[in-house]
Amino acid sequence: MKTRSPLWRHSDFLNVWTAETISVFGAQFTMLAVPLAAVLMLDAGPGEMGILIAAEMLPFLLFGLVVGVWVDRMKRRPLMIISDLGRCAALAAIPLAWYFDALSMPVLYMTAFATGVFTVFFDVAYMSYLPSLVGRDHLVDANSKLEASRSASGTVGPSIAGVVVAVMTAPYAVVVNSLTYLTSAAFLFRVRKDEPELEAKEHPPVVSEIKGGVLLIARDGRLRAIAGCTAMGNLFSSIFNTVFILYAVDVFGMGSIDLGIIFAAGGIGAVAGAIMTERVSKALGLGRSIAAGSFVTAAAMLLMIVAAEDLAIAFFAVSMFVSAFANTVYNIGQVSLRQTITPDNQLGKMNASMRFMIWGTMPVGALIGGLLGESLGVSETVIIGVVGMMVAFLWIVFSPILRIVEIPKQSEACQD
(Lines of atoms letter the chains of each structure in order from A; the text may use other names.)
(Lines give C-alpha, C1' and ligand atoms only; values in the text may rest on other atoms or scores of the structure.)
Protein backbone atom coordinates (compact mmCIF):
# COMPACT_ATOMS: atom_id res chain seq x y z
CA MET A 0 0.00 0.00 0.00
CA LYS A 1 1.40 3.40 -1.01
CA THR A 2 2.16 5.66 1.95
CA ARG A 3 0.90 9.22 2.04
CA SER A 4 3.51 11.79 1.09
CA PRO A 5 4.97 13.56 4.16
CA LEU A 6 4.87 16.84 2.20
CA TRP A 7 1.09 16.99 2.78
CA ARG A 8 1.95 17.70 6.44
CA HIS A 9 4.73 20.17 5.59
CA SER A 10 2.98 23.53 6.14
CA ASP A 11 5.86 25.63 4.81
CA PHE A 12 6.05 23.61 1.59
CA LEU A 13 2.26 23.90 1.24
CA ASN A 14 2.55 27.71 1.47
CA VAL A 15 5.29 27.78 -1.17
CA TRP A 16 3.28 25.36 -3.31
CA THR A 17 0.18 27.55 -3.06
CA ALA A 18 2.17 30.70 -3.85
CA GLU A 19 3.66 29.14 -6.98
CA THR A 20 0.30 27.75 -8.13
CA ILE A 21 -1.44 31.11 -7.82
CA SER A 22 1.27 33.02 -9.65
CA VAL A 23 1.34 30.47 -12.48
CA PHE A 24 -2.46 30.70 -12.81
CA GLY A 25 -2.18 34.45 -13.26
CA ALA A 26 0.69 34.08 -15.71
CA GLN A 27 -1.70 32.34 -18.11
CA PHE A 28 -3.46 35.66 -18.58
CA THR A 29 -0.25 37.41 -19.56
CA MET A 30 0.74 34.53 -21.85
CA LEU A 31 -2.34 35.29 -23.95
CA ALA A 32 -3.06 38.92 -23.16
CA VAL A 33 0.29 40.59 -23.89
CA PRO A 34 0.87 38.99 -27.34
CA LEU A 35 -2.79 39.52 -28.27
CA ALA A 36 -2.58 43.16 -27.21
CA ALA A 37 0.43 43.52 -29.51
CA VAL A 38 -1.19 41.71 -32.47
CA LEU A 39 -4.81 42.85 -32.25
CA MET A 40 -4.53 46.32 -30.72
CA LEU A 41 -1.13 47.51 -31.93
CA ASP A 42 -0.98 45.54 -35.20
CA ALA A 43 2.45 44.08 -34.38
CA GLY A 44 4.32 42.11 -37.04
CA PRO A 45 6.79 39.20 -36.68
CA GLY A 46 9.75 41.54 -36.05
CA GLU A 47 7.99 43.41 -33.25
CA MET A 48 6.81 40.13 -31.71
CA GLY A 49 10.40 38.92 -31.76
CA ILE A 50 11.56 42.00 -29.87
CA LEU A 51 8.69 41.64 -27.36
CA ILE A 52 9.53 38.03 -26.51
CA ALA A 53 13.26 38.77 -26.50
CA ALA A 54 12.75 41.64 -24.04
CA GLU A 55 11.32 39.32 -21.39
CA MET A 56 14.10 36.74 -21.82
CA LEU A 57 17.02 39.18 -22.19
CA PRO A 58 17.55 39.64 -18.41
CA PHE A 59 18.57 35.98 -18.12
CA LEU A 60 21.35 36.66 -20.61
CA LEU A 61 22.39 39.97 -19.04
CA PHE A 62 22.10 39.28 -15.32
CA GLY A 63 21.68 35.54 -14.82
CA LEU A 64 25.25 34.69 -13.83
CA VAL A 65 25.61 37.60 -11.39
CA VAL A 66 22.26 36.80 -9.77
CA GLY A 67 23.45 33.26 -9.08
CA VAL A 68 26.38 34.56 -7.06
CA TRP A 69 24.11 36.89 -5.08
CA VAL A 70 21.60 34.11 -4.37
CA ASP A 71 24.32 31.98 -2.79
CA ARG A 72 25.26 34.92 -0.53
CA MET A 73 21.72 35.86 0.58
CA LYS A 74 18.63 34.29 2.09
CA ARG A 75 16.43 33.10 -0.74
CA ARG A 76 12.85 33.50 0.47
CA PRO A 77 13.06 37.33 0.89
CA LEU A 78 14.36 37.55 -2.68
CA MET A 79 11.35 35.56 -3.88
CA ILE A 80 8.95 37.90 -2.06
CA ILE A 81 10.61 41.05 -3.44
CA SER A 82 10.54 39.53 -6.94
CA ASP A 83 6.82 38.79 -6.70
CA LEU A 84 6.09 42.35 -5.60
CA GLY A 85 8.28 43.70 -8.40
CA ARG A 86 6.45 41.69 -11.04
CA CYS A 87 3.12 42.86 -9.64
CA ALA A 88 4.17 46.51 -10.02
CA ALA A 89 5.69 46.05 -13.47
CA LEU A 90 2.62 44.42 -15.00
CA ALA A 91 0.35 47.13 -13.59
CA ALA A 92 1.91 49.49 -16.17
CA ILE A 93 0.02 47.83 -19.05
CA PRO A 94 -3.58 48.51 -17.91
CA LEU A 95 -2.56 51.97 -16.69
CA ALA A 96 -1.08 52.82 -20.09
CA TRP A 97 -4.20 51.52 -21.81
CA TYR A 98 -6.49 53.55 -19.53
CA PHE A 99 -4.60 56.74 -20.35
CA ASP A 100 -4.48 55.91 -24.07
CA ALA A 101 -0.70 55.55 -23.96
CA LEU A 102 -0.30 51.84 -24.71
CA SER A 103 2.41 51.23 -27.31
CA MET A 104 4.97 48.63 -28.27
CA PRO A 105 7.73 50.42 -26.28
CA VAL A 106 5.51 50.18 -23.17
CA LEU A 107 5.10 46.44 -23.76
CA TYR A 108 8.85 46.06 -24.34
CA MET A 109 9.75 47.86 -21.09
CA THR A 110 7.15 45.95 -19.08
CA ALA A 111 8.35 42.63 -20.47
CA PHE A 112 11.97 43.49 -19.65
CA ALA A 113 11.18 44.61 -16.09
CA THR A 114 9.11 41.49 -15.45
CA GLY A 115 11.96 39.40 -16.80
CA VAL A 116 14.48 40.99 -14.41
CA PHE A 117 12.39 40.05 -11.37
CA THR A 118 11.76 36.59 -12.82
CA VAL A 119 15.53 35.98 -12.98
CA PHE A 120 15.80 36.62 -9.24
CA PHE A 121 12.70 34.60 -8.39
CA ASP A 122 13.57 31.54 -10.48
CA VAL A 123 17.17 31.23 -9.33
CA ALA A 124 16.23 31.79 -5.68
CA TYR A 125 13.26 29.43 -5.88
CA MET A 126 15.14 26.51 -7.41
CA SER A 127 17.95 26.96 -4.87
CA TYR A 128 15.50 27.32 -1.95
CA LEU A 129 13.49 24.13 -2.51
CA PRO A 130 16.15 21.56 -1.47
CA SER A 131 16.72 23.30 1.88
CA LEU A 132 12.96 23.55 2.44
CA VAL A 133 11.94 19.93 1.83
CA GLY A 134 15.25 18.01 1.95
CA ARG A 135 16.85 16.23 -0.98
CA ASP A 136 15.05 12.94 -0.30
CA HIS A 137 11.73 14.62 -1.16
CA LEU A 138 12.84 16.63 -4.20
CA VAL A 139 11.19 14.46 -6.86
CA ASP A 140 7.98 14.38 -4.83
CA ALA A 141 8.08 18.16 -4.34
CA ASN A 142 8.90 18.90 -7.98
CA SER A 143 6.12 16.57 -9.14
CA LYS A 144 3.57 18.27 -6.89
CA LEU A 145 4.69 21.73 -8.00
CA GLU A 146 4.61 20.70 -11.65
CA ALA A 147 1.15 19.14 -11.24
CA SER A 148 -0.32 22.29 -9.73
CA ARG A 149 1.41 24.50 -12.28
CA SER A 150 -0.09 22.30 -14.94
CA ALA A 151 -3.54 22.43 -13.33
CA SER A 152 -3.29 26.21 -13.33
CA GLY A 153 -2.25 25.98 -16.95
CA THR A 154 -5.38 23.95 -17.66
CA VAL A 155 -7.91 26.30 -16.11
CA GLY A 156 -6.03 29.56 -16.65
CA PRO A 157 -5.98 29.77 -20.47
CA SER A 158 -9.68 28.95 -20.81
CA ILE A 159 -10.64 31.69 -18.36
CA ALA A 160 -8.02 34.02 -19.85
CA GLY A 161 -9.46 33.58 -23.33
CA VAL A 162 -12.91 34.60 -22.14
CA VAL A 163 -11.59 37.50 -20.04
CA VAL A 164 -9.50 38.83 -22.94
CA ALA A 165 -12.53 38.63 -25.23
CA VAL A 166 -14.83 40.39 -22.75
CA MET A 167 -12.54 42.86 -20.94
CA THR A 168 -9.81 43.41 -23.59
CA ALA A 169 -6.24 42.19 -23.21
CA PRO A 170 -4.71 45.00 -21.10
CA TYR A 171 -7.21 44.63 -18.28
CA ALA A 172 -6.73 40.85 -18.26
CA VAL A 173 -3.12 41.52 -17.23
CA VAL A 174 -4.48 42.97 -13.97
CA VAL A 175 -5.32 39.42 -12.89
CA ASN A 176 -1.70 38.36 -13.26
CA SER A 177 -0.51 41.41 -11.35
CA LEU A 178 -2.78 40.56 -8.42
CA THR A 179 -1.72 36.90 -8.40
CA TYR A 180 1.91 37.90 -7.87
CA LEU A 181 0.76 39.98 -4.90
CA THR A 182 -1.11 36.98 -3.50
CA SER A 183 1.90 34.74 -4.09
CA ALA A 184 4.06 37.09 -2.02
CA ALA A 185 1.50 36.95 0.80
CA PHE A 186 1.74 33.15 0.99
CA LEU A 187 5.54 33.27 0.97
CA PHE A 188 5.32 35.61 3.97
CA ARG A 189 3.53 32.78 5.82
CA VAL A 190 6.51 30.41 5.67
CA ARG A 191 7.81 30.01 9.21
CA LYS A 192 10.96 27.95 8.78
CA ASP A 193 14.05 30.14 8.92
CA GLU A 194 16.78 29.55 6.43
CA PRO A 195 20.18 28.68 7.93
CA GLU A 196 22.18 31.72 8.91
CA LEU A 197 24.75 32.57 6.30
CA GLU A 198 28.30 32.16 7.45
CA ALA A 199 30.07 35.50 7.79
CA LYS A 200 33.09 35.25 5.57
CA GLU A 201 34.96 37.06 2.89
CA HIS A 202 33.62 36.00 -0.49
CA PRO A 203 35.75 35.43 -3.58
CA PRO A 204 35.43 37.99 -6.39
CA VAL A 205 32.13 37.79 -8.29
CA VAL A 206 33.92 36.94 -11.55
CA SER A 207 35.63 34.01 -9.85
CA GLU A 208 32.32 32.67 -8.53
CA ILE A 209 30.67 33.07 -11.94
CA LYS A 210 33.51 31.07 -13.46
CA GLY A 211 33.00 28.42 -10.80
CA GLY A 212 29.32 28.01 -11.70
CA VAL A 213 30.05 27.68 -15.41
CA LEU A 214 32.87 25.19 -14.80
CA LEU A 215 30.62 23.16 -12.47
CA ILE A 216 28.32 22.52 -15.43
CA ALA A 217 31.03 22.21 -18.07
CA ARG A 218 32.95 19.55 -16.10
CA ASP A 219 29.96 17.33 -15.28
CA GLY A 220 28.72 15.31 -18.24
CA ARG A 221 25.18 15.14 -16.89
CA LEU A 222 24.79 18.86 -16.24
CA ARG A 223 26.50 19.64 -19.55
CA ALA A 224 24.02 17.48 -21.48
CA ILE A 225 21.01 19.05 -19.72
CA ALA A 226 22.33 22.51 -20.52
CA GLY A 227 22.96 21.67 -24.18
CA CYS A 228 19.63 19.93 -24.75
CA THR A 229 17.53 22.57 -23.02
CA ALA A 230 19.43 25.51 -24.52
CA MET A 231 19.01 24.16 -28.05
CA GLY A 232 15.37 23.28 -27.44
CA ASN A 233 14.69 26.77 -26.05
CA LEU A 234 16.45 28.44 -28.98
CA PHE A 235 14.19 26.78 -31.53
CA SER A 236 11.06 26.88 -29.35
CA SER A 237 11.55 30.65 -29.12
CA ILE A 238 11.73 30.82 -32.91
CA PHE A 239 8.45 28.88 -32.95
CA ASN A 240 6.77 30.83 -30.14
CA THR A 241 7.63 34.20 -31.68
CA VAL A 242 5.32 33.53 -34.64
CA PHE A 243 2.87 31.11 -32.98
CA ILE A 244 0.16 33.68 -32.20
CA LEU A 245 0.51 35.14 -35.71
CA TYR A 246 0.39 31.62 -37.17
CA ALA A 247 -2.82 30.80 -35.30
CA VAL A 248 -4.51 34.17 -35.88
CA ASP A 249 -3.43 35.01 -39.45
CA VAL A 250 -3.14 31.55 -41.03
CA PHE A 251 -6.02 29.79 -39.27
CA GLY A 252 -8.17 32.74 -38.19
CA MET A 253 -8.25 31.81 -34.50
CA GLY A 254 -9.39 34.15 -31.74
CA SER A 255 -8.63 34.49 -28.03
CA ILE A 256 -11.17 31.83 -27.00
CA ASP A 257 -9.75 29.34 -29.52
CA LEU A 258 -6.26 29.96 -28.20
CA GLY A 259 -7.54 29.57 -24.64
CA ILE A 260 -8.85 26.11 -25.54
CA ILE A 261 -5.53 25.14 -27.11
CA PHE A 262 -3.46 26.32 -24.15
CA ALA A 263 -5.89 24.59 -21.79
CA ALA A 264 -5.27 21.32 -23.64
CA GLY A 265 -1.59 21.86 -22.97
CA GLY A 266 -2.36 22.39 -19.31
CA ILE A 267 -4.26 19.10 -19.14
CA GLY A 268 -1.35 17.34 -20.82
CA ALA A 269 1.06 18.83 -18.31
CA VAL A 270 -1.11 17.67 -15.38
CA ALA A 271 -1.16 14.17 -16.84
CA GLY A 272 2.60 14.34 -17.33
CA ALA A 273 3.19 15.37 -13.72
CA ILE A 274 1.01 12.51 -12.49
CA MET A 275 2.65 9.95 -14.77
CA THR A 276 6.30 11.07 -14.57
CA GLU A 277 7.24 8.68 -11.78
CA ARG A 278 5.70 5.73 -13.65
CA VAL A 279 7.33 6.72 -16.93
CA SER A 280 10.68 7.12 -15.18
CA LYS A 281 10.40 3.69 -13.56
CA ALA A 282 9.30 2.04 -16.80
CA LEU A 283 11.98 3.58 -19.03
CA GLY A 284 14.63 4.52 -16.51
CA LEU A 285 15.30 8.13 -15.55
CA GLY A 286 17.76 8.83 -18.37
CA ARG A 287 15.61 7.37 -21.13
CA SER A 288 12.53 9.16 -19.83
CA ILE A 289 14.41 12.48 -20.01
CA ALA A 290 15.53 11.73 -23.60
CA ALA A 291 12.05 10.60 -24.66
CA GLY A 292 10.47 13.66 -23.04
CA SER A 293 12.72 15.98 -25.01
CA PHE A 294 12.07 14.31 -28.37
CA VAL A 295 8.29 13.87 -28.04
CA THR A 296 7.90 17.49 -26.85
CA ALA A 297 9.09 18.63 -30.28
CA ALA A 298 7.70 15.80 -32.44
CA ALA A 299 4.16 16.47 -31.24
CA MET A 300 4.37 19.98 -32.73
CA LEU A 301 4.39 18.43 -36.22
CA LEU A 302 0.60 18.18 -35.90
CA MET A 303 0.40 21.99 -36.05
CA ILE A 304 2.30 21.96 -39.35
CA VAL A 305 -0.01 19.40 -41.03
CA ALA A 306 -3.23 20.71 -39.43
CA ALA A 307 -6.30 20.67 -41.68
CA GLU A 308 -7.90 24.12 -41.76
CA ASP A 309 -11.38 22.91 -40.75
CA LEU A 310 -9.93 20.83 -37.88
CA ALA A 311 -7.15 23.20 -36.88
CA ILE A 312 -8.28 23.69 -33.27
CA ALA A 313 -8.42 19.91 -32.71
CA PHE A 314 -5.00 19.38 -34.32
CA PHE A 315 -3.47 22.19 -32.27
CA ALA A 316 -5.09 20.98 -29.03
CA VAL A 317 -3.85 17.39 -29.44
CA SER A 318 -0.40 18.67 -30.34
CA MET A 319 -0.27 20.90 -27.28
CA PHE A 320 -1.54 18.11 -25.00
CA VAL A 321 1.10 15.58 -26.07
CA SER A 322 3.90 18.14 -26.16
CA ALA A 323 3.09 19.44 -22.67
CA PHE A 324 2.86 15.89 -21.29
CA ALA A 325 6.32 15.04 -22.62
CA ASN A 326 7.85 18.37 -21.63
CA THR A 327 6.67 17.88 -18.05
CA VAL A 328 8.29 14.44 -17.91
CA TYR A 329 11.51 15.98 -19.21
CA ASN A 330 11.49 18.94 -16.81
CA ILE A 331 10.72 17.00 -13.64
CA GLY A 332 13.43 14.50 -14.45
CA GLN A 333 16.20 16.93 -15.37
CA VAL A 334 15.47 19.46 -12.61
CA SER A 335 15.36 16.77 -9.92
CA LEU A 336 18.59 15.25 -11.24
CA ARG A 337 20.55 18.48 -11.23
CA GLN A 338 19.22 19.58 -7.82
CA THR A 339 20.24 16.25 -6.32
CA ILE A 340 23.79 16.04 -7.67
CA THR A 341 24.74 19.65 -6.86
CA PRO A 342 26.02 20.56 -3.36
CA ASP A 343 23.75 22.98 -1.47
CA ASN A 344 26.32 25.76 -1.28
CA GLN A 345 26.67 25.73 -5.06
CA LEU A 346 22.99 25.48 -6.02
CA GLY A 347 22.62 29.21 -6.64
CA LYS A 348 25.62 29.34 -8.98
CA MET A 349 24.58 26.14 -10.75
CA ASN A 350 20.96 27.24 -11.24
CA ALA A 351 21.99 30.71 -12.38
CA SER A 352 24.62 29.38 -14.78
CA MET A 353 22.10 26.85 -16.07
CA ARG A 354 19.46 29.56 -16.49
CA PHE A 355 21.99 31.74 -18.28
CA MET A 356 22.78 28.94 -20.71
CA ILE A 357 19.27 27.59 -21.29
CA TRP A 358 17.25 30.81 -21.11
CA GLY A 359 19.95 32.99 -22.65
CA THR A 360 19.22 31.37 -26.01
CA MET A 361 15.58 32.45 -25.85
CA PRO A 362 15.98 36.18 -26.68
CA VAL A 363 18.32 35.16 -29.48
CA GLY A 364 15.73 32.70 -30.78
CA ALA A 365 12.98 35.30 -30.50
CA LEU A 366 14.93 37.81 -32.58
CA ILE A 367 15.80 35.12 -35.15
CA GLY A 368 12.14 34.08 -35.24
CA GLY A 369 11.08 37.65 -35.90
CA LEU A 370 13.61 38.04 -38.73
CA LEU A 371 12.68 34.70 -40.28
CA GLY A 372 8.98 35.54 -40.01
CA GLU A 373 9.54 38.80 -41.85
CA SER A 374 11.81 37.33 -44.55
CA LEU A 375 10.55 33.76 -45.10
CA GLY A 376 7.02 33.85 -43.75
CA VAL A 377 5.24 32.70 -40.61
CA SER A 378 4.51 29.13 -41.74
CA GLU A 379 8.10 28.50 -42.82
CA THR A 380 9.39 29.83 -39.50
CA VAL A 381 7.13 27.41 -37.61
CA ILE A 382 8.65 24.49 -39.53
CA ILE A 383 12.21 25.63 -38.77
CA GLY A 384 11.39 25.92 -35.07
CA VAL A 385 9.86 22.43 -34.82
CA VAL A 386 12.65 20.68 -36.75
CA GLY A 387 15.32 22.37 -34.62
CA MET A 388 13.59 21.33 -31.40
CA MET A 389 13.47 17.70 -32.54
CA VAL A 390 17.27 17.49 -32.81
CA ALA A 391 17.95 18.74 -29.26
CA PHE A 392 17.37 15.34 -27.59
CA LEU A 393 20.64 14.05 -29.09
CA TRP A 394 22.48 15.89 -26.29
CA ILE A 395 20.90 13.43 -23.84
CA VAL A 396 21.36 10.37 -26.08
CA PHE A 397 25.12 10.88 -26.29
CA SER A 398 25.66 11.59 -22.59
CA PRO A 399 25.98 9.69 -19.28
CA ILE A 400 22.34 10.57 -18.52
CA LEU A 401 20.99 7.88 -20.83
CA ARG A 402 22.51 5.19 -18.57
CA ILE A 403 20.96 6.57 -15.36
CA VAL A 404 18.14 4.39 -14.07
CA GLU A 405 17.14 6.40 -10.98
CA ILE A 406 18.08 9.59 -9.11
CA PRO A 407 21.71 9.15 -7.98
CA LYS A 408 23.03 9.90 -4.51
CA GLN A 409 24.46 13.36 -3.88
CA SER A 410 27.87 11.75 -3.35
CA GLU A 411 27.90 11.18 -7.11
CA ALA A 412 27.80 14.91 -7.85
CA CYS A 413 30.05 16.80 -10.21
CA GLN A 414 31.75 13.90 -11.88
CA ASP A 415 32.44 13.28 -15.56
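Anchor point for the sequence shown: position 69 equals 68 in numbering that gives the first Met the number 0, and the numbering is continuous, going up by one each time.
Beta carbons are placed, not taken as given, at the ideal position from N, Cα and C, and that holds for glycine.
- Remark: C-beta atoms of glycine 115 and alanine 54 approach each other more closely than 8 Å.
- Per DSSP, reduced to three states, the secondary structure at glycine 268 is helical.
- The DSSP-derived three-state label of alanine 307 is coil.
- Residue Ile406 holds the alpha-carbon nearest to the alpha-carbon of isoleucine 289 among Ile406, Met167, Gly364 and Gly368.
- When Cβ pairs closer than 8 Å are counted between the two stretches, the stretch 97-111 is seen not to touch the stretch 68-88, the count staying below three.
- Residue range 92-98 is occupied by the alpha helix (DSSP H) that includes tryptophan 97.
- DSSP places glutamate 379 in the helix class (H, G or I) of the three-state scheme.
- Here DSSP, grouped into helix, strand and coil, assigns glycine 44 to coil.
- Sorting Val164, His9, Tyr246 and Phe188 by C-alpha distance to the C-alpha of glycine 44 places Tyr246 at the top.
- For arginine 191, the CB contacts under 7 Å within the same chain, skipping 5 residues up- and downstream, are Asp11 in chain order.
- Sorting Leu129, Thr118, Gly67 and Cys87 by C-alpha distance to the C-alpha of tryptophan 16 places Leu129 at the top.
- Methionine 303 is not a Cβ neighbour of phenylalanine 320, given a cutoff of 8 Å.
- A contact between stretches requires three or more CB pairs, one per stretch, nearer than 8 Å, and the stretch 118-128 fails this requirement with the stretch 209-229.
- In the DSSP annotation of this structure, the continuous segment of the alpha helix (DSSP H) that includes aspartate 11 starts and ends at 10-35.
- Ile93 is the residue among Leu57, Ile93 and Ser183 whose C-alpha sits nearest the C-alpha of alanine 32.
- Look at threonine 339 here: in three-state DSSP terms it is helix.
- Three or more pairs of CB atoms, one per stretch, sit closer than 8 Å, so the stretch 57-70 contacts the stretch 347-358.
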